[in-house]
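Undergrad: One structure, as C-alpha cells, below. Some questions next.
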Amino acid sequence: MRSLTLVLMPKWRTARVRFRQGQSPGKALTIGGVGAVFWLAVFGVLYRVLSYFRGVEEIGPLLAAKLLGLALLAFLSILLLSNVITALSSFYLAKDLDLLVSSPADWLHIYLAKLGETMVHSSWMVALMAVPIFAAYGVIYDSGWLFGPFAVLVFLPILLIPAVLGSAFTLILVNVFPARRTRDLLSIIAIAAAGGVVLLFRIIRPERLARPEGFQSLLDFITLLRAPTSPLLPSEWATDAVMGWLVGPFDWLPLLLLWSSAAATVVLGAALHFRLYPSGFTKAQEGAERFVKGWVWQAILGPLFRPLSVSKREFVIKDLKLFFRDTTQWSQLILLAVLVVIYLFNIRALPLFTGEQVPFNLVTVISFLNLGLAGFVLASIAARFVFPAISLEGRQMWLLRSSPLDLRALLWSKYWVGTVPLLGLALIITVFTNVILKATPFIMAVGVGTIFLLTLAISAMALGFGALYPQFETENAAQIPTSFGGLVFMMSTVALLALVIMIEAVPVYGYLHANYLHQPFRVDGVMIGSFAAVAAICLGLTVVSLKVGLKRMEGFEF
Amino acid sequence: MIRLERLTKTYGKFVAVNAVDLHVPPGELFGFLGPNGAGKTTTLRMIAGILRPTAGRIWLGGDDLLVDPMSAKRRLGFIPDRPFVYEKLTGAEFLRFVAGLYGQDGAVVERRIDELLELFELSVWKHELVESYSHGMRQKLIISSALIHRPECIVVDEPMVGLDPRGARLLKDIFRAFVERGGTVLMSTHTLEVAQAMCDRIAIIQEGSIVARGTIDELRQQTTAGDASLEELFLKLTGGEAIQELAAILSEEAGLRGQKSETRSQESGIGGRAAGSGAPKPRGKRADS
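So the protein sequences, as listed, match chains L and F.
Sequential numbering of the first sequence, starting at 1, is according to the working numbering.
Sequential numbering of the second sequence, starting at 559, is according to the working numbering.
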C-alpha cells in the first residue's frame with residue numbers, strides 16, 4: 001500500500017502546487033463566477049422541468065427517471081470515449097512512465113495509480129456537470145441531506161467502470177498498433193464519432209417530438225416509459241437506485257449491482273493489464289516512422305507565397321505543414337464542418353417560411369441577430385485554432401528569438417494564417433444564412449460588412465490573449481483553449497459582439513421603422529456614425545490586440 | 559567578435575550573472591566553464607538574444623545586440639543544450655525553415671542543406687519527420703541549423719550531450735576548422751577533457767562572476783597549481799577540493815577493502831568477491847589508511 005501512496009504522491013503534490021501558484025483573486029473570481037452561472041443555469045432548467053414532471057400524475061416520476069437515465073447514459077458514453085483517449089496518454093505516453101516502470105514499484109499499484117489518473121483527467125468535467133443535476137433531483141423530491149452522500153455512492157461506479165473499460169480497450173489497441181499511430185487513429189475516430197452523433201441528433205429533429213401531433217397514443221407512450229432503456233447498463237442501475245431513494249420503493253440491488261460490477265471490472269482490468277501491459281508498453285516506445293513528401297508542399301505553397309518575404313513565407317508554410325501533419329489538429333476540421341452544417345440546417349429549419357406571409361420585420365431581426373450567433377461561432381473556432389498559435393511555438397522559441405526574425409513578421413504570419421480561413425468561413429456563413437432567410441440587400445450589406453470587421457478583431461484578440469496567457473508546457477493543442485486565458489478570450493469576444501449589436505441596432509431599427517411607415521429609407525448621420533463607430537471599435541481592437549501581443553512576446557524569456 | 563560589458567541578469571533578488579566582462583576575438587575557441595547553476599546557460603542565452611540582460615551590453619561583431627538585434631543575430635549561430643525542434647517537420651524542412659529565418663532561400667540553401675546533412679550523416683533521414691529522430695540526431699540537426707547561414711560566431715551550450723564518439727569527434731573538427739578560418743566559438747561544457755583539448759582560452763564562472771580566465775598555463779599561474787590538469791584547476795577554483803579529497807579517501811578505502819578481502823580469501827581459500835560482499839563495510843578514518 002505504501003508504494004501505491006508513493007506512486008500517487010508526485011501527481012498529488014504537483015496538482016496542489018499548481019493550484020496554489022495559479023491562484024489570483026481575479027482568476028479565482030472569474031472561474032468561480034462562470035462556474036456558478038453554469039451550475040445555476042443547469043440547476044434552474046432542470047428544476048423547472050422536474051417541477052413540471054412532479055405535477056403530472058402517474059407518468060411524472062417515469063419521465064423524471066427516463067430523463068436521469070438518458071443523462072447518465074450520455075455520461076457513460078462520453079466517459080468511455082474520453083477514457084480511451086486519456087488512457088493512451090497516462091498509461092503509454094506520460095513522462096513519468098520510464099521512472100515508474102523501471103522502479104521496483106508493484107505492477108498493481110502502478111495500474112491503480114494510472115487508472116486513478118485516467119479517471120480523474122477524463123471525468124472531472126462530467127462529475128462537475130452531475131452536481132447540479134443531482135442537486136435538482138434532490139431538491140424537487142425533498143430527499144434530505146443524506147441524498148448527497150448517496151448520490152456520490154451511486155455516481156462513483158459510473159466514473160470507475162468506463163475508466164477501466166476505456167483503459168482496457170486502449171491496452172488492446174496499443175498491442176495492435178504503435179501508441180503514436182493509435183493516438184492519431186483515436187483522434188479521428190473520436191472526433192468523427194462525436195460529429196456524427198451531433199449531426200444525426202440534429203437531423204432527426206428532436207423538436208418535432210415535443211409537438212402534440214407527434215404522439216399517436218398515450219398508452220403506447222406510458223408503456224415506452226415504463227420499459228427500461230438499457231437494463232444491462234450501469235446507467236440504468238444508477239437511475240433505479242436514485243429514483244428508489246427519491247420516490248421509493250428503495251431497493252439495495254441496483255447499488256449492489258453497481259459496486260459489484262465496478263469491483264469486477266477493476267479485477268478483470270488488472271488481470272488484462274498484467275498480461276498485456278509489458279508488451280503494449282514496449283510497442284508504445286516505437287516511433288511513428290514516417291517519410292513525408294515535403295517537396296509536394298514546397299512545390300504547391302512555395303510559388304503561392306512567393307510575393308512574401310523569405311522569412312514570412314517559410315513561416316506560413318511551416319505553420320500549414322505542422323497543422324495538416326498533426327492529426328489532433330486537422331481532425332478538428334471535421335467538427336468544424338459539422339458545426340457549420342448544423343448552423344445552416346438550424347437556420348433552414350426555422351419555422352419562418354411554413355405559413356403564408358412572413359413578417360418582414362421578423363426576418364430582418366433574425367438576420368441581424370444572426371450576426372451575433374455567427375460571431376460566437378467564429379470566436380469558438382478562433383479559440384480552437386488561433387488562440388493556441390503562440391503557445392505552440394513555446395519550445396522552439398529559442399530558435400525564433402536567437403534568429404534575426406522580426407517578431408512582427410511572426411505575428412503577421414500567425415494572424416493571416418488564422419484570419420484568412422476564418423474570414424472565408426465567416427462570409428460563407430453570413431451570405432448563406434442571409435440567402436436562406438431571404439434578407440434584403442441592406443441587411444446583407446450590414447451583415448457582410450460587420451462580420452468582416454468582427455473577424456479581423458476576433459482573430460487579433462485570439463492572438464493577443466494567446467500571447468497574454470501562453471501555455472508553453474502543454475503538449476496537447478486541444479487543451480490550450482480550455483485554459484483560463486481561453487475563457488477570458490471568449491468572455492471578451494462575447495462582450496464585443498454585444499457591443500457591436502447594440503450599436504448597430506440603432507440604424508437597423510431606423511431601417512425597420514422607415515419600412516413600417518412605408519417611408520423611403522435614408523442614410524443619415526446617425527447611421528453613418530453607428531457604422532463608423534463599429535468600424536473604429538473593431539479596427540482599434542485589432543491593432544491594440546496585436547500590439548499587446550507583440551509587446552508580451554518581446555518580454556518572453558526562456 | 560563577442561564582447562560582454564558588465565553583463566548582469568537578476569531574477570528578483572537573485573543575481574544569476576553579475577557584471578561579467580568578456581572578450582572573445584575572431585579566430586578563437588573560448589571555453590566557458592562553471593559548476594551547475596553558476597550562470598553559464600543564462601549568459602549564453604543572453605548572448606543569443608533569448609534572455610534580456612538586466613544591465614550591461616553585448617556586442618557581436620560591430621553590432622550592439624540590444625540596439626541593433628537583427629544585424630547582431632545575423633552574425634550568430636546558437637546551439638542550445640536542449641534540442642527542441644518542430645516534431646512534424648523533416649530534417650531538410652527544418653533546415654530550410656531556419657535558413658528562411660535568416661532571409662536565405664533558393665538553390666544555395668538546398669546545396670547547403672545537402673552538404674550539412676551529409677556531413678552529419680543525416681542524409682538518409684532527410685525526408686523523415688524529426689519526431690522519429692534520436693536525441694543525438696536532433697542535436698546534430700540543431701548544430702546543422704546553427705551552421706546553415708554561415709555565421710561568424712557560434713555560441714554553444716553543452717555541445718557534446720547526446721552525441722556518439724564519432725559525432726563528438728566530428729564536432730571538434732568542425733569547430734577547429736571554423737576558428738582556423740577566422741570564426742569565433744564560445745562554448746560551455748562540463749566535459750573538462752574536451753575543454754582542455756579544444757579551447758584556446760577558458761573562463762571559469764561561479765555564482766554569476768568570472769573567477770578566472772586565460773589559457774591553461776595562465777590559469778595554472780593564477781592558482782599556483784604547477785602542472786595541474788584542468789579538472790584539478792576547476793575544482794580548486796570552484797571550491798571542489800573537498801570533493802576531490804573525499805573521492806581520494808573513498809578510492810583509498812576501496813583499495814584497502816580490496817586488499818583485506820584478498821588476504822582473507824587467500825587465508826580461507828574462498829573467492830575474494832564472495833567473501834567481501836558478505837562482510838560489513840569498515841568505517842575507517844583517513845588516519846587509519
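Every residue gets a Cβ at the ideal spot worked out from N, C-alpha and C, and that includes glycine.
Nothing here was measured: the structure is a model prediction, and the numbers come from that model.
1) With 8 Å set as the bound, which would you pick, yes or no: does the beta-carbon of F/Phe655 sit closer than that to a beta-carbon of chain L?
2) Determine whether the Cβ of L/Trp416 lies closer than 8 Å to any Cβ atom of chain F.
3) Taking C-beta pairs closer than 8 Å, name the residues in chain L that F/Met628 reaches, listed in chain order.
4) If we cut at 8 Å on Cβ distances, does F/Glu710 have a partner in chain L?
5) Could you work out which residue in F/Arg708, F/Ile768, F/Lys698 and F/Ala613 is closest to F/Lys598 when comparing CA atoms only?
6) Pick out whichever of L/Leu437, L/Met461, L/Leu97 and L/Arg522 has its Cα sitting closest to the Cα of L/Phe345.
7) Can you tell which of F/Arg633, F/Ser787 and F/Ile706 has the C-alpha that lies nearest to the C-alpha of F/Leu675?
8) Taking only heavy atoms of the ligand SAM into account, decide whether any of them is closer than 7 Å to the Cβ of L/Val494.
9) Flag this pair as yes or no: are the beta carbons of F/Met604 and F/Ile616 separated by less than 8 Å?
10) Please check if any C-beta of chain L sits within less than 8 Å of the C-beta of F/Leu699.
11) Could you run through the segment 471–499 of chain L and flag, in chain order, every residue whose CB is less than 8 Å away from some CB of chain F?
12) Distance, Cα to Cα, L/Gly138 vs L/Trp245?
13) Run through chain F and tell me which residues come within less than 9 Å of L/Ser311, C-beta to C-beta.
14) Does DSSP classify F/Ser787 as helix, strand or coil?
15) Within a Cβ cutoff of 6 Å, which residues of the same chain sit near L/Glu356, ignoring the five residues on either side of it in sequence?
16) What does DSSP give as the partner residue(s) for F/Asp622 in the beta ladder?
17) Within its chain, find whatever has a CB closer than 6 Å to the CB of F/Cys757; leave out the 5 residues flanking it on each side and keep chain order.
18) Alpha carbon to alpha carbon, how far is L/Gly60 from L/Val543?
19) Using a Cβ-Cβ distance under 8 Å, would F/Gly614 count as near chain L?
20) Give the residues of chain F in contact with L/Asp326, contact being defined as C-beta atoms less than 9 Å apart.
21) Sorted by chain position, which residues of the same chain lie with C-beta nearer than 7 Å to F/Ala786's C-beta, five sequence neighbours on each side aside?
22) Looking at chain L, is there any beta carbon in it that lies within less than 8 Å of the beta carbon of F/Met559?
23) Report buried or exposed for F/Tyr660, applying the criterion of at least 16 other Cβ atoms within 10 angstroms of its Cβ.
24) For the segment 187–194 of chain L against the segment 325–338 of chain L, do three or more pairs of beta-carbon atoms, one drawn from each stretch, fall closer than 8 Å, so that the two count as touching?
25) As a quick exercise: from L/Tyr141, L/Val174 and L/Pro388, pick the residue whose alpha carbon is nearest that of L/Val242.
26) Where does L/His121 fall in DSSP's three states?
27) Any beta carbon from chain F within less than 8 Å of L/Gln396's own beta carbon?
28) Establish whether the CB of F/Arg734 and some CB of chain L are separated by less than 8 Å.
29) Taking 8 Å as the CB-CB limit, is L/Glu314 close to chain F?
30) Does F/Ala577 get closer than 8 Å to chain L when you measure Cβ to Cβ?
31) Helix, strand or coil for F/Lys646 per DSSP?
32) Please state whether the Cβ-Cβ distance between L/Ala238 and L/Phe155 is less than 8 Å.
33) Taking the alpha carbon of L/Ala460 as the point to measure from, which residue in L/Cys538, L/Ala135 and L/Phe521 has its own alpha carbon closest?
34) Looking only at DSSP bridge pairs, what is F/Met745 linked to?
35) Compare the C-beta of F/Gly607 with all C-beta atoms of chain L and state if any pair is closer than 8 Å.
36) Just the Cα atoms here: how many angstroms apart are F/Ile560 and F/Val713?
TA: With the given structure in hand:
1) F/Phe655 counts as touching chain L.
2) At a cut-off of 8 Å between beta-carbon atoms, L/Trp416 makes no contact with chain F.
3) When 8 Å is used as the limit between beta carbons, F/Met628 is near these residues of chain L: Pro404 and Asp406, in chain order.
4) Closer than 8 Å: no.
5) Ranking F/Arg708, F/Ile768, F/Lys698 and F/Ala613 by Cα distance to F/Lys598 puts F/Ile768 first.
6) Closest option to L/Phe345, Cα to Cα, is L/Leu437.
7) Taking F/Leu675 as reference, the option from F/Arg633, F/Ser787 and F/Ile706 with the minimal CA-CA separation is F/Ile706.
8) Although the ligand SAM was asked about, the structure shown includes no ligands whatsoever.
9) Cβ distance < 8 Å, so F/Met604 and F/Ile616 count as in contact.
10) Not an interface residue.
11) For the segment 471–499 of chain L, the beta-carbon criterion of a distance under 8 Å to any beta-carbon of chain F is satisfied by none of its residues.
12) If you draw a straight line from the Cα of L/Gly138 to the Cα of L/Trp245, it comes to about 10 Å.
13) Near L/Ser311 (Cβ distances below 9 Å), the residues of chain F are Gly658, Leu659, Tyr660 and Gly661.
14) Three-state result, F/Ser787: coil.
15) At L/Glu356 the pLDDT is 49, less than 50, meaning the model places this residue with poor confidence and gives no usable figure here.
16) Partner(s): F/Trp617.
17) Cβ contact annotation for F/Cys757 (same chain, cutoff 6 Å, sequence separation greater than five): Leu587 and Gly589, in chain order.
18) About 56 Å.
19) Taking 8 Å as the threshold, the shortest C-beta distance from F/Gly614 to chain L does not fall below it.
20) Within 9 Å Cβ-Cβ: Glu645 and Lys646.
21) Around F/Ala786, the same chain offers Arg778 as residues with beta carbons nearer than 7 Å, after the five sequence neighbours per side are excluded.
22) For F/Met559, the answer is no, since every Cβ of chain L falls outside 8 Å of its Cβ.
23) Burial check for F/Tyr660: the Cβ neighbour count within 10 Å reaches 16 or more, so the residue is buried.
24) The segment 187–194 of chain L, when compared against the segment 325–338 of chain L, does touch it at the 8 Å Cβ threshold.
25) When C-alpha distances from L/Val242 are compared across L/Tyr141, L/Val174 and L/Pro388, the shortest belongs to L/Tyr141.
26) Of the three classes helix, strand and coil, the one that applies to L/His121 here is helix, per DSSP.
27) Interface residue, yes.
28) Output row for F/Arg734: interface = no.
29) Yes, its Cβ sits closer than 8 Å to a Cβ of chain F.
30) The beta-carbon of F/Ala577 is placed no less than 8 Å from the nearest beta-carbon of chain L.
31) Reduced to three states, the DSSP call for F/Lys646 is coil.
32) Their beta carbons are under 8 Å apart, which means L/Ala238 touches L/Phe155 by this criterion.
33) Nearest Cα to L/Ala460 within the set L/Cys538, L/Ala135 and L/Phe521: L/Cys538.
34) Partner(s): F/Gly589 and F/Val714.
35) Interface flag for F/Gly607 against chain L is set, since a Cβ pair is found closer than 8 Å.
36) Cα-Cα distance, rounded: 10 Å.
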